[in-house]
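Trainee: Numbering (the working numbering), first residue to last: 29 to 280. Note that the Cβ used here is the ideal one computed from N, Cα and C, for glycine as well. Quick one: structure below, then a few questions.
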Ligand SMILES: Nc1ncnc2c1ncn2[C@@H]1O[C@H](COP(=O)(O)OP(=O)(O)OP(=O)(O)O)[C@@H](O)[C@H]1O
Ligand SMILES: [Mg+2]
């Protein structure tokens with residue numbers, strides 16, 4: 029395990045107006061590992077991820093990336109650091125094709141014209157590097173793709189850039205068995221390529237199938253971050269539902 033985590037958060041707070049959503053949250057993610065982030069609906073997972081991705085700033089706490097303190101103020105700032113978030117709502121444009129979606133807002137140009145050939149080649153190369161074979165042509169419109177295929181495009185888009193950290197907010201929530209399997213394999217491949225991957229999931233089978241570590245949030249607080257191999261399904265479910273399990277979780 030590398031000494032310095034790619035992502036390290038310590039003592040992070042976040043409020044929306046009078047509502048405090050994150051309390052003293054600590055969280056780390058390491059290169060080459062999948063870290064599952066679990067917690068019940070409303071526990072603060074998406075809020076944490078949006079802070080990591082520069083969608084909103086944390087109110088307090090330490091945010092280190094590759095050991096250096098950072099403060100991304102926008103998704104663009106975060107992307108410049110190598111942070112890509114695949115949001116819960118995906119945010120793909122239905123009326124654009126796969127290549128256009130993958131390069132949206134970061135188009136390559138050749139003089140004043142878009143370099144369509146280069147973008148198409150890079151999109152196809154990324155999909156093939158990640159062994160994605162289910163989408164057919166990279167010129168298909170996203171509106172024609174299934175939920176799983178869209179998820180694949182969103183993840184490949186995150187992997188296209190020089191990413192160091194990819195965060196997936198519930199990638200398999202609406203997927204069938206076979207498509208979930210494919211997305212999980214893709215998640216594993218990202219980590220095997222040396223990225224730090226954070227996977228938010230409510231599905232314990234997915235968490236145990238693919239993660240190296242699991243971090244649990246309970247009512248906006250970190251209650252545990254442990255190696256997945258050191259805990260059982262039941263313990264993780266207890267952490268999610270009651271904020272503790274045996275020796276795990278804060279002392280009463
Ligand atoms: N912009 C906002 N303004 C006010 N409250 C918010 C805002 N965003 C989130 N919250 C609140 O913060 C809490 C945590 O929400 P968050 O979306 O982070 O939960 P989550 O763990 O991702 O849940 P889920 O599993 O349902 O996706 C919720 O109580 C939610 O209502
Ligand atoms: Mg959420």
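Who sits around ligand 2, taking every residue whose Cβ is closer than 7 Å to one of its heavy atoms?
Mentor: With 7 Å as the limit between CB and the heavy atoms of ligand 2, the residues that fall short of it are 73, 74, 116, 197, 198 and 228.
Trainee: Alpha carbon to alpha carbon, how far is residue 226 from residue 147?
Mentor: For the pair residue 226 and residue 147, the Cα-to-Cα distance works out to about 27 Å.
Trainee: Would you mind listing the beta strand (DSSP E) stretches within the region 153 to 229 that are 3+ residues and don't spill past its ends, in chain order?
Mentor: For the region 153 to 229, whole beta strand (DSSP E) runs of length 3 or above, ordered along the chain, are 193 to 197 and 224 to 228.
Trainee: Just the Cα atoms here: how many angstroms apart are residue 74 and residue 140?
Mentor: Near 38 Å, if we compare the C-alpha coordinates of residue 140 and residue 74.
Trainee: Measuring alpha carbon to alpha carbon, tell me which residue in 273, 201, 220 and 204 is nearest residue 192.
Mentor: 220
Trainee: Kindly list the residues whose CB is nearer than 6 Å to the CB of residue 206, restricted to its own chain and excluding five residues on each side of it in sequence; keep chain order.
Mentor: none
Trainee: Is any heavy atom of ligand 1 found at a distance shorter than 8 Å from the C-beta of residue 49?
Mentor: Within the cutoff, so yes.
Trainee: Assign residue 58 to buried or exposed, taking buried as 16 or more other Cβ atoms, counted over all protein chains shown, within 10 Å of its Cβ.
Mentor: Under this definition residue 58 is a buried residue.
Trainee: Quick check: is any heavy atom of ligand 1 less than 8 Å from the C-beta of residue 89?
Mentor: no
Trainee: Rounded to whole angstroms, what is the Cα-Cα separation between residue 272 and residue 121?
Mentor: 41 Å
Trainee: Relative to the alpha-carbon of residue 44, which residue among 113, 76 and 67 has its alpha-carbon at the smallest distance?
Mentor: 76
Trainee: Could you please give the first and the last residue of the uninterrupted beta strand (DSSP E) stretch that includes residue 54?
Mentor: 47 to 57
Trainee: So residue 140 is in the alpha helix (DSSP H); what residue range does that whole segment cover?
Mentor: Run containing residue 140: none; DSSP gives neither H nor E here.
Trainee: Let me check understanding here. Comparing Cα to Cα, which of 117, 97, 100 and 32 lies closest to residue 198?
Mentor: 117
Trainee: Name the residue from 40, 89 and 78 whose alpha carbon lies nearest to the alpha carbon of residue 105.
Mentor: 78
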